[in-house]
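Participant:
Following this line, the structure appears as structure tokens:
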């Protein structure tokens, strides 16, 4: 029963219209807005729902694989996206906000509601 369901993820935002503008305008995702939720993508569904007392997640809620992280970072920066900067013992990013080291190249940024998103190049 459960194993055959079409599983999808969801997280909260405080304003669906603002979320629609960011995810469709800045990230150029296919979005579907109704009065209760914003769905991202046609094949892989992620639902954003309104929550008046929204608190951003303290972890990455969406990961976007890209072919070229340098180009993707430059493209998003030109659209006003600000990448996170980390300087922790096991998590360091460069001047562009890209973590280089073991594992995939990855850069984190936030949506207008403080939810953490990433782009990564494997």
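In the numbering used here, the protein residues as written are 939 to 1060.
Backbone N, C-alpha and C define an ideal beta-carbon position, used for all residues, glycine too.
Roughly how many angstroms lie between the CA atoms of residue 1020 and residue 1014, to the nearest whole one?
Facilitator: In a straight line, the C-alpha of residue 1020 is about 8 Å away from that of residue 1014.
Participant: By a C-beta neighbour count over all protein chains shown, 10 Å radius and 16 as the cutoff for buried, is residue 1032 buried or exposed?
Facilitator: Per the 10 Å Cβ criterion, exposed.
Participant: For residue 949, collect the residues of the same chain with a Cβ closer than 7 Å to its Cβ; drop the 5 residues on either side in sequence, then sort them by chain order.
Facilitator: Within the same chain, residue 949 has close Cβ partners 986, 995, 999 and 1053.
Participant: Classify residue 1002 as buried or exposed, calling it buried when 16 or more other Cβ atoms lie within 10 Å of its own Cβ.
Facilitator: With fewer than 16 Cβ atoms within 10 Å of its Cβ, residue 1002 is classed as exposed.
Participant: Would you call the CB atoms of residue 1049 and residue 960 closer than 8 Å?
Facilitator: A contact, by the Cβ cut-off of 8 Å.
Participant: Exposed or buried, what is residue 1055 when buried is set at 16 or more other beta-carbons lying within 10 Å of its beta-carbon?
Facilitator: Label assigned to residue 1055: buried.
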